[in-house]
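Everything below concerns the one structure shown next.
Next comes the structure, spelled out in structure tokens:
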């Protein structure tokens, strides 16, 4: 796994945004032994899984003496949840005067590639954006599940990841499988496009 990340990093002060999912929990485990790491968790106050995820993150950080900041959206978001929650997270991350690491994977990049194409504005998720760092963008999520099993890393799979209740979940569960029928090499295609972009930007 370490050989595949975008610009591996050690010996730095950094923050890991931890949702409790396999990607962010793996990222926290991956970085904690080589860096001065703290964690931040956003409680979205939108689903019953939120409390379970918070408890998992708190227990893990307590076990490894990792400082943890928790921010909660105080009122339920009634409309355009994805956009408003993203803005809330972004505003929190910008407050840190150090790199903030997010666990987006190649699967997220494929979803972004397809969704942006459908909307007529092709884009990829940036590996670096201000103080944001995304080192797993050319790693498949299945690799992270394997890494988590091998290292006994706890995580939660939120039900919204599988129910198609929002645009990204719908893309993940319905559009990506059909796209793979047309282009079985879709992940390799997007990984190549991403690597070419990251190389020109100096991230690889």
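In this note's numbering, the protein residues as written are 1259 to 1462. We treat Cβ as the ideally placed atom computed from N, Cα and C, and that holds for glycine.
Below 8 Å on the Cβ atoms is my contact criterion, and I expect residue i with residue j to pass it. Report the Cβ-Cβ distance as a whole number of Å.
{"i": "residue 1414", "j": "residue 1314", "result": "6 Å"}
{"i": "residue 1364", "j": "residue 1445", "result": "6 Å"}
{"i": "residue 1276", "j": "residue 1289", "result": "That pair is no contact at about 11 Å."}
Using the Cα positions of residue i and residue j, report the straight-line distance between them to the nearest angstrom.
{"i": "residue 1270", "j": "residue 1393", "result": "15 Å"}
{"i": "residue 1474", "j": "residue 1389", "result": "Outside the shown range of the chain, which is 1259 to 1462, sits residue 1474, and nothing can be said about it."}
{"i": "residue 1350", "j": "residue 1360", "result": "13 Å"}
{"i": "residue 1358", "j": "residue 1387", "result": "10 Å"}
{"i": "residue 1281", "j": "residue 1402", "result": "6 Å"}
{"i": "residue 1296", "j": "residue 1376", "result": "37 Å"}
{"i": "residue 1319", "j": "residue 1440", "result": "43 Å"}
{"i": "residue 1308", "j": "residue 1278", "result": "9 Å"}
{"i": "residue 1436", "j": "residue 1416", "result": "23 Å"}
{"i": "residue 1443", "j": "residue 1311", "result": "33 Å"}
{"i": "residue 1447", "j": "residue 1427", "result": "21 Å"}
{"i": "residue 1302", "j": "residue 1316", "result": "15 Å"}
{"i": "residue 1384", "j": "residue 1425", "result": "20 Å"}
CB residue i to CB residue j, shorter than 8 Å?
{"i": "residue 1397", "j": "residue 1263", "result": "yes"}
{"i": "residue 1369", "j": "residue 1429", "result": "yes"}
{"i": "residue 1343", "j": "residue 1331", "result": "yes"}
{"i": "residue 1284", "j": "residue 1405", "result": "yes"}
{"i": "residue 1395", "j": "residue 1367", "result": "yes"}
{"i": "residue 1299", "j": "residue 1273", "result": "no"}
Classify residue i as helix, strand or coil using the three-state DSSP reduction.
{"i": "residue 1359", "result": "strand"}
{"i": "residue 1464", "result": "Nothing can be reported for residue 1464: it is not among the residues displayed for the chain, which extend from 1259 to 1462."}
{"i": "residue 1437", "result": "helix"}
{"i": "residue 1352", "result": "helix"}
{"i": "residue 1410", "result": "coil"}
{"i": "residue 1291", "result": "coil"}
{"i": "residue 1368", "result": "helix"}
{"i": "residue 1297", "result": "strand"}
{"i": "residue 1385", "result": "coil"}
{"i": "residue 1314", "result": "helix"}
{"i": "residue 1396", "result": "coil"}
Assign residue i to one of two classes, buried (16 or more other C-beta atoms within 10 Å of its C-beta) or exposed (fewer than that).
{"i": "residue 1399", "result": "buried"}
{"i": "residue 1292", "result": "exposed"}
{"i": "residue 1438", "result": "exposed"}
{"i": "residue 1432", "result": "exposed"}
{"i": "residue 1371", "result": "buried"}
{"i": "residue 1407", "result": "exposed"}
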